[in-house]
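Have a look at the structure below before the remarks.
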Amino acid sequence: MVTASIYTYTTPPTFAPHIYWHIPMAMKIPHTYPPISHTHCLYRGHRLWWAFLLSSLSVFLAGLLALLLWKVAHRGFNSIGIFRPRRQRWAHRQSISVQTDFNLRNALKEWAFSVISAQHLPGKVLMVLIFCFNIGSIVTYITLSTDPVESCMKEYSIAFLIDLGFNICHLLYFGLRFLAAQDKLMVWVDLRSLVDFFTIAPSFVTLFSRRAWLGLRFIRALHILELPVVLQILNVFNSNSTTLKLSRLVAILTGTLLTSAGFIHLLENSGDPWLDFSNPQPLHYFECVYFLVVTMSTVGYGDVELRTTLGRLFVIIFIFIGLGLFANFVPEVVQIIINRKRFDGSFTGVSGKTHVVVCGHITLSSASAFMKDFLHEDRGEVDVKVLFLGNFRPNQELEAFFLRWFLKVTFYQGSVMQRRDMERVKMHKAGACLIICDRFTSDQHKEDAANLMRVISIKQYCPNTRIIVQMLKHNSKAFLQNVPNWDWSRGDAVICLAELKLGFMSQSCLVPGLSTLLTNLFTMQSEIEQDGDTWQNLYREGLYNEIYTEHLSPSFIGMSFAQASKLCFLKLRLLLIGIEYQSGDQDFNVLVNPPSHIKIKLWTLGFLIASNASDARRASMYCSVCHRDIKDLPRMRPCRCTEQKDVSSNTSAMSLGFRRPSLGVLPFSPEGETLRERECVWEQQQQEEQQEVGLDSTGLFHWCPPVPLKDISLTRQSASTLALQDHVVVCVFGDGGSSLLGLGDFMMPLRASSLTAPELRTVVFLGDPHYFSREWPNIQYFPHIYFLPGSPLCGADLRALRVERCAMVVVLSSLSSSSDIEPSMQDKETIHFCVNLYHIRFSPEPGPHCTLSHTQSHGHGQGLELGHGFGGHNHGPSHVNSSNVCFVNEADSQEDSSSLTLSQAFSVGSVFSVDLLDSLMAATYFNANVPGLICTLVTGGDTPLLEAQLAEDNQLRGGEMSVKMWALRQRSKLAQLALQDEPLCSLACEDFKELFCQALDSLEILCFGLYRLLDPPNPSMKRFVITNPSAELPLLPSDRVFCSVPFHQSHLLTLRRAKTISHRL
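Quick note: the sequence shown uses the numbering used here, first residue 647, plus one each step.
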């Protein structure tokens, strides 16, 4: 038997520790304990490591066996019922004691659970203390690791007593966990329990045998894995995913390294057992840590080597595990630390400089689209800092984008749901907070709810901060009225993508090409070189116009809208299309082409179409005295008149009023005898329509009592017998599991009360009955609607609906697609339909060719509006990619359009992309009145009463006809008139200037665009949009005019439609 008689029990020397580690074994002096060969040692000269290990194994295995036997016996006896009668008799005899014992056990269990549970303060304190005790045990082990692995104890050292105290605490904590556990077996084999078995039992063996063995005390380092939980309990970080991930990675690396170093230290300092421990190597614990770090980093200096076979076998296993951990975790930890310094800072604002915060769904596409429009050259110099706040770490592409815009943009990692993060970006001092929604989400209600929570959080922290938020569904928009501190007068605004997108497409059914014209007005486009004298030049000239708002100068006071609009057009080269009219102390109305009794007041806000902001300022600078004969408009400057100084000093007073303005609706209480005039108009219109007109309670829409779906459902045979002419066919791709499009937003503009009964087009839906039955409750109160169950790809269904005679075909897609589908495949249903429609032969009446735009044949046309479902895809709303335009327009397949807005399909008004609505975020920030005007033009009217009703039950209710209700109809509507038809043919105009002036003077019709035929060859008679034509532009007999027609001129539109239908028949 080999004994370690080479040790002597003396006082350790005072030289440096690193020299002490490398002393040969024959010369090394123990730090505290005498060797096992000392005379007073129990089993002198024999190693007892097996006794320490056996004590741990015996406790673990004995307890495991007892628990297994108890489980098996308990289940077996219960299944066969051996002890059931006895238990019943015992319960009958000792009912009181049994009940008391049961309650006592439950009470002890609940008490133990409350003590160790982190849901209560005692449990949190106990978990932190136990974690500190584990760290203390690791420190004690490292202190004792300078002594021999196994030695005798003449007396108990302070380090041992401290470690014993820690182990007693661990034992008590284990007892509490075991007592509170529902499943005792799972607690017994838990990792924390295994650590306790192999560290607590050897301490008591040492206490009674006075033999010390370092053993497996190092496995206490595994408790470092609990570091993230302890940090959360101490509120070091609050649900910060990045900090939590960093602490978890550091804990795993540290715990694995310290535990593995303990194994190396034990095996190398003990030797191989089959060699009777004759080959030990004295390595210090920190030398083992150093060796493993060098090994994991693949450096391998070779200055420390392992000599024992067990040590080398362990390292072989460790390399497979540790090398993977090091390769994956260390770079990630470094990256997180670097990014924390870059993205976790705080914004230090500069005095006098504005900043805005952009949050929500931040991606490369959404951020680049926003910044492109936000910093567009037409806005002039924008001295605003943009802070993006997202609760994620940006990828390389997004990070490169932020670096490219580093002078204007900074990204901060955080969430507006956390007060600390809002303080970091100085939310209370921000000019506005813009919340971007995820248009590609599969759950639109969840996305809207998330944005609503962001609004609530921001308004609670800083109620005076202006918020501009995107919403997907119209009913979600109504909930914002209930948010505390939401204030329209402060500039708070909501952009509802469903309402606007479907509204654009709906208005295109009444006014072909209008979606393109309106989109051009609120999107910023950079000028490009003109290429010859082609139709593209005229289209692009209009493309570079936008909507601006300016307070009209005092020189406009007392004018009617027609007079003010003519003055702007003729003298200032501006197109005034609407005003914000204050009818009371708190009532504001956004009016487009208001009637002549509405007069311009002081500080009236005008909506102007201009090429840039500097041109639009002419309306606020104009002086009837100083600028009467001005010729050089670019050099126009404010004059020194007293009244103009008053204007400039009060321009900061621009406001949307004290509440949300009514959109497009005339005030009901006009001056003078106008009330009697309205009564006469009401009686006259009732006689002309020759039928009772039903309106909803808000007076904004035509309404009828709800009709069951079966009553308006058609078959192919019944559809073919209907007198369908100049109607609208809506092809809907969707199934029972698709997200709802919100067809109510599509129908509202088609059933606006400003339309007379003869102007209401019949709408026929074609699609899946399971899907349409879910949409029907939201549109069942609109008149003149039919539904044909079928497929838009079926030629027989299209023929039954007389597509060759319809005014417009709209395609809406709400089908689901896989999340990994390529972007170019998002429009596959619509493209399939277009290709199919091109090749369908309609007989026996050939009719005009069915194209993707509004076409003309002998002055009348039909067309197809490409729409894309709002919220149907797993990615959210359908997305028109510019690369897909070539599939729906043959001309675009031969051209390389850099933008969707420059493609022929878009210029003729046959396609529309919801991506274009992203420009409204930046436009709303710079001009808070733009959303009101866009909604007025798109929806045909809106009032706070309507929003309140939709917020209450998302339904329209019937109303009683009255003079007040009829007055709500007296609002202008958008239309398209042909120059060769009445009433414009009688004006005999040669250029757009004459048309603009004569139409305003004689008809009160406001003209703002042209719809002109493409250059020949143009066999399909396609037209393109000219927005805000120049005054000198010559007119062509075939031109159509975009205009705003007052309600009292509705008979002109009725006559035009009657002529169109009779011509087709």
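Ideal placement from N, C-alpha and C gives every residue a C-beta, glycine not left out.
If contacts are defined as beta-carbon pairs under 8 Å, then Ala1568 and Phe1016 qualify, I think. What distance do you get, rounded to the angstrom? At roughly 6 Å, the Cβ-Cβ gap stays under 8 Å, so Ala1568 and Phe1016 are in contact.
Going by alpha carbons, who is nearest to Pro1577 out of Leu892, Ala805, Asp1138, Trp716? Asp1138
Cβ-based neighbour list, Ser1201, same chain, cut-off 7 Å, excluding 5 preceding and 5 following: Tyr1268, Cys1269, Ser1270
Reference Asp1564, options Pro1352, Cys1155, Ile1141, Ile1225, closest by Cα: Of Pro1352, Cys1155, Ile1141, Ile1225, the residue nearest in Cα terms is Ile1141.
For Ala1078 and Arg1112, which I take to be in contact (beta-carbon distance under 8 Å), what is that distance rounded to the nearest angstrom? Between Arg1112 and Ala1078 the Cβ distance is about 4 Å, and since that is below 8 Å, they are a contact.
To test your reading of the DSSP string, which unbroken beta strand (DSSP E) runs of 3 or more residues are found completely within the region 1125-1180? You should have 1139-1142.
Curious, which full-length alpha helix (DSSP H) runs of at least 4 residues does the region 1352-1422 contain? 1355-1358, 1362-1367, 1389-1396, 1415-1421
Could you give the first and the last residue of the continuous beta strand (DSSP E) run that contains Ile1223? 1221-1228
Near Ala764, what residues of its chain come up, given a Cβ to Cβ distance below 8 Å and the 5 sequence neighbours on each side ignored? Closer than 8 Å at the Cβ level, and outside the excluded window around Ala764, lie Lys770, Met773, Val875, Ile879.
Would you check if the region 948-962 and the region 1026-1043 touch, i.e. whether three or more CB-CB distances between them fall below 8 Å? By the Cβ test, the region 1026-1043 is not in contact with the region 948-962, since fewer than three Cβ pairs between them sit closer than 8 Å.
Locate the alpha helix (DSSP H) running through Ser1211, then write down its first and last residues. 1207-1217
What residues in its chain sit with their C-beta under 7 Å from that of Leu1649, if we drop five residues either side in the sequence? Pro1629, Gln1695
Figure out for me which residue from Gly948, Leu825, Asp1278 has the closest Cα to the Cα of Ser760. Closest by alpha carbon: Leu825.
Taking its Cβ as the centre, do 16 or more other Cβ atoms sit within 10 Å of Met1394, making it buried, or is it exposed? buried
Is Ser1211 near the ligand ADP, judged by its Cβ being under 7 Å from some heavy atom? With respect to small molecules bound, the structure shown includes none, and the ligand ADP cannot be examined in it.
Look up Phe812 in the DSSP assignment and say whether it is helix, strand or coil. helix
Bounding residues of the alpha helix (DSSP H) (the contiguous stretch that carries Val939): 931-942
Reference Trp834; option with closest CA among His930, Leu713, Leu913, Leu790: Checked all of His930, Leu713, Leu913, Leu790; the closest Cα to Trp834 is Leu713.
Give me the residue from Leu892, Gly861, Leu895, Ser1135 with the minimum Cα distance to Ala907. Minimum Cα distance to Ala907 is reached at Gly861.
Which residues mark the beginning and the end of the beta strand (DSSP E) in which Leu1195 is found? The question names Leu, but residue 1195 in the sequence shown is Thr. Segment 1192-1197, the beta strand (DSSP E) holding Thr1195.
Just verifying my parser: in three-state terms, what is the DSSP assignment at Val1238? strand
Which residues bound the alpha helix (DSSP H) around Trp859? Element bounds for Trp859: not the alpha helix (DSSP H) but the beta strand (DSSP E), 857-859.
Mind pulling the beta strand (DSSP E) runs of 3 or more residues that sit fully within the region 1620-1669? 1652-1659
Below 8 Å, can you find three or more Cβ-Cβ pairs linking the region 1113-1132 to the region 1386-1401? yes
Residue closest to Gln927, alpha-carbon to alpha-carbon, out of Trp920, Leu938, Val939, Glu914: Glu914
Can you tell me the Cβ-Cβ gap for Ala805 and Leu817, rounded? I've got them flagged as a contact below 8 Å. Contact flag wrong, Cβ pair sits at about 19 Å.
Among Gln1116, Arg1070, Tyr1107, which one has its Cα closest to the Cα of Arg1085? Gln1116
Contact set for Arg894: own chain, Cβ-Cβ below 6 Å, skip 5 residues either direction: Pro874
By alpha-carbon positions, which one of Gln1644, Trp757, Tyr1058 ends up nearest to Ala1677? Of the candidates Gln1644, Trp757, Tyr1058, the residue whose Cα lies closest to the Cα of Ala1677 is Gln1644.
Would you kindly work out how many angstroms separate the C-alpha atoms of Cys1285 and Val1003, rounded to a whole number? Going by the C-alpha atoms only, they are around 38 Å apart.
Own chain, CB closer than 8 Å to Thr904, minus 5 neighbours either side, in chain order: Sequence check: residue 904 is Leu here, not Thr. If we look at Leu904 and ignore the five residues flanking it on each side, its Cβ neighbours are Ile784, Phe864, Ala867, Ile870, Val935.
Span of the beta strand (DSSP E) around Cys1005: 1000-1006
Below 8 Å between beta carbons: does that hold for Ile1114 and Asn1097? no
7 Å Cβ shell around Pro1692 - same chain, five flanking residues per side excluded: Asn1239, Pro1241, Ser1618, Glu1650
Can you find at least 3 beta carbon pairs, one from the region 988-998 and one from the region 1061-1080, that sit closer than 8 Å? yes
Can you tell me whether Asn621 is buried or exposed? The criterion is at least 16 other CB atoms within 10 Å of its CB, across all chains shown. Here the chain has residues from 647 to 1711 only, and residue 621 is not among them.
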